[in-house]
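Protein chains in written order, with our numbering: chain A, 111 to 290; chain B, 245 to 679.
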């Protein structure tokens, strides 16, 4: 199954869409014949707003779509990309499936563990990084690779990934290090 | 033989924009399309012999003809862009480099089948492909190529891009439908097939991105011209994603019927660093594996590959060199399927989990002599016993890796630590459970 269930506890923070997301939400509704079908896109809006989904945000989505809260909770639990805890500023998703394994993702994992000091499922104390190992991201021709900051980083080498992580640590834009 | 049908515009600058696409003749089929009877469009696609490029290889025109003609319900098209089969990365290229070909293909399908709304289900991790596709859809609406009364034809087509959220199983056509309805992506029993009861309980066509992208070429050059390429039963071309231990991994388009290894060698320059070839997966990680000899002696088409017990699938070719540890490779494959099982059918939920657990303990040097046959005995019970084919997708490679590379598994067991009774983390005795 997609991922381990977590105990859902309220954050104590009320949730409502920002005016911009409210507009996007209203544009979503006529695109689907049922409100239930809007659960995924509505959750994406909520997650983009806060970086993760609180119980309050899930209940808010359920209420706006006139769905039972459990229908929303079930969806959040099933899909690996919905996060119920805040991630680091740079969330690393390193692919570990067949071609990335053959082309050395394990070396990249070791580098991350050594350089940042966190393993899969962990977040650095300063909140700059969080790290997870994920299954095939559909970029096998440019293995090993990872997704971070809503984009792909491909053809990774120890040197290249090292420069990318340094840039993140120093608060620079890592995109300038996306060279061989 | 290299053929450029799907990838014809991949090297062209700005082909992803409306202007760039139209300069290369894009949307040129619409005038002809709207002059034809919808049934004749279906016939043209049937004539082409085009088969679904998502993995199952079902004839596209026939799939369309299953949609009921006289129904009061709306009909839907779902374009499957939830590319997730390990080894497959070709739809991503179409989405990024040629998104308007997808839109033109959607218009062709919708016109032929009488559909007014198409959903493109794209995997959640595809940020850049999403951005390109989204921009293309907006351009198409602005130019009157989508929406009401396209170019005065009286045809209405709306396109909605729907983003997934990280679940391999949503690439299964009924898993996709469930997910699009806002639920967990757990596949539905068939029948009823989506053509009769699909998304929102309405007749639905589900086609892969690459299948849809082949339609403009077929409409413009004719089904007969497409059918002239390839072999008797595997017509046309396919995008092959080639990865693993080759010199130049990438997406290569080829006509069916050529020698598998020659195609890989000609396209990618062969095995990386001059190493020896060990094995090839011809069609995604759910396919059986081929030994080097088998890969050198088989042709790349649906029937020839199927005759070896493997499959063309989504065209995901993965190459293993002489240094590849086949036990570890199988562990990686089984971990994937155990992770992605949706959990509703016991043979899959339990089978993928135990196959992974057993290969994992073999790898850790804790395997027992009977473990190899234990795995082989689990596999048949996972074939054809579940709602979708995810269980088969784990059992088929497992059995083939073990049968073709058995000495490697035995070596792990023989040199490993003395066998010990292994306990499930929850305290269930594995031996008792497995027997």
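Even for Gly, the Cβ is constructed at its ideal location relative to N, Cα and C.
Residue from 339(B), 319(B) and 486(B) with nearest C-alpha to residue 401(B): 319(B)
Through-space distance from residue 279(A) to residue 611(B), alpha-carbon basis: 43 Å
Residue environment, residue 580(B), which counts as buried when at least 16 other CB atoms sit within 10 Å: buried
Beta-carbon contacts of residue 196(B) that lie in its chain and below 7 Å, excluding the five residues immediately before and after: No statement about residue 196(B) is possible, as the shown extent of chain B runs from 245 to 679 and does not include it.
Touch test, the stretch 502 to 517 of chain B against the stretch 173 to 191 of chain A, Cβ-Cβ under 8 Å, three pairs minimum: no
For residue 320(B), the three-state DSSP class (helix, strand or coil): strand
Min CB distance residue 114(A) to chain B below 7 Å: Unreliable placement is indicated for residue 114(A), whose pLDDT of 40 sits below 50; no coordinate value is reported for it.
Below-7 Å beta-carbon distance, residue 610(B) vs any chain A residue: Output row for residue 610(B): interface = no.
Whole-angstrom distance between residue 406(B) and residue 154(A), CA atom to CA atom: 11 Å
Validate contact between the stretch 522 to 536 of chain B and the stretch 627 to 638 of chain B using beta carbons, cut 8 Å, 3 pairs: Between the stretch 522 to 536 of chain B and the stretch 627 to 638 of chain B, the count of Cβ pairs shorter than 8 Å is three or higher; the stretches touch.
7 Å Cβ cutoff, residue 207(A) in contact with chain C: Among the protein chains of the structure shown, namely A and B, there is no chain C.
Beta-carbon neighbours of residue 328(B), restricted to chain A and to distances below 7 Å: 246 and 248
Contact check, residue 166(A) vs residue 145(A), beta carbons under 7 Å: no
Proximity test, Cβ basis, 7 Å: residue 260(A) and chain B: yes
Chain B contact for residue 189(A) (CB, 7 Å cutoff): yes
Among 247(A), 274(A) and 199(A), nearest to residue 237(A) - alpha-carbon criterion: Across the set 247(A), 274(A) and 199(A), the C-alpha of 199(A) shows the shortest separation from the C-alpha of residue 237(A).
Chain-order list of residues whose beta-carbon lies under 6 Å from that of residue 225(A) (same chain, five-residue window excluded): Taken in chain order, the residues that qualify are 275.
Cβ shell of residue 263(A) (< 7 Å), same chain only, five flanking positions each side left out: 255, 256, 274 and 288
Beta-ladder partner(s) of residue 241(A), from DSSP: 202(A) and 232(A)
Collapsed DSSP secondary structure at residue 672(B) in the structure displayed: Reliability of the predicted coordinates at residue 672(B) is poor, the pLDDT of 35 falling under 50, and no value is obtained from them.
For residue 259(A), three-class secondary structure by DSSP: coil
Rounded Cβ spacing between residue 616(B) and residue 649(B) (contact assumed at less than 8 Å): Rounded, the Cβ-Cβ distance is 11 Å, inconsistent with contact.
Any C-beta of chain A under 7 Å from that of residue 649(B): no
Contact list for the stretch 129 to 148 of chain A against chain B, Cβ threshold 7 Å: 141, 143, 144, 146, 147 and 148
Interface partners of residue 583(B) on chain A, CB under 7 Å: 245
CB contact below 7 Å: residue 211(A) versus chain B: yes
7 Å Cβ cutoff, residue 605(B) in contact with chain A: Answer no: the Cβ-Cβ gap between residue 605(B) and chain A never drops below 7 Å.
Rounded straight-line distance, which links the Cα of residue 323(B) to that of residue 436(B): 19 Å
Residues of the stretch 147 to 164 of chain A with Cβ closer than 8 Å to any Cβ of chain B, in chain order: Flagged, chain order: 147, 148, 149, 150, 151, 153 and 154.
Interface partners of residue 251(A) on chain B, CB under 8 Å: 333, 485, 486, 487, 493, 494 and 495
Closest Cα partner of residue 655(B) within the set 571(B), 628(B) and 420(B): Per the C-alpha coordinates, the member of 571(B), 628(B) and 420(B) positioned closest to residue 655(B) is 571(B).
Residue closest to residue 486(B), alpha-carbon to alpha-carbon, out of 452(B), 332(B), 354(B) and 408(B): 332(B)
Beta-carbon gap between residue 362(B) and residue 403(B) smaller than 7 Å: yes
Exposure of residue 492(B), with buried meaning 16 or more beta-carbon neighbours within 10 Å: exposed
Reference residue 457(B); option with closest CA among 274(B), 290(B), 502(B) and 344(B): When 274(B), 290(B), 502(B) and 344(B) are compared, the shortest CA-CA separation from residue 457(B) is found for 344(B).
Three CB pairs or more closer than 8 Å across the stretch 293 to 306 of chain B and the stretch 432 to 446 of chain B: The stretch 293 to 306 of chain B, when compared against the stretch 432 to 446 of chain B, does not touch it at the 8 Å Cβ threshold.
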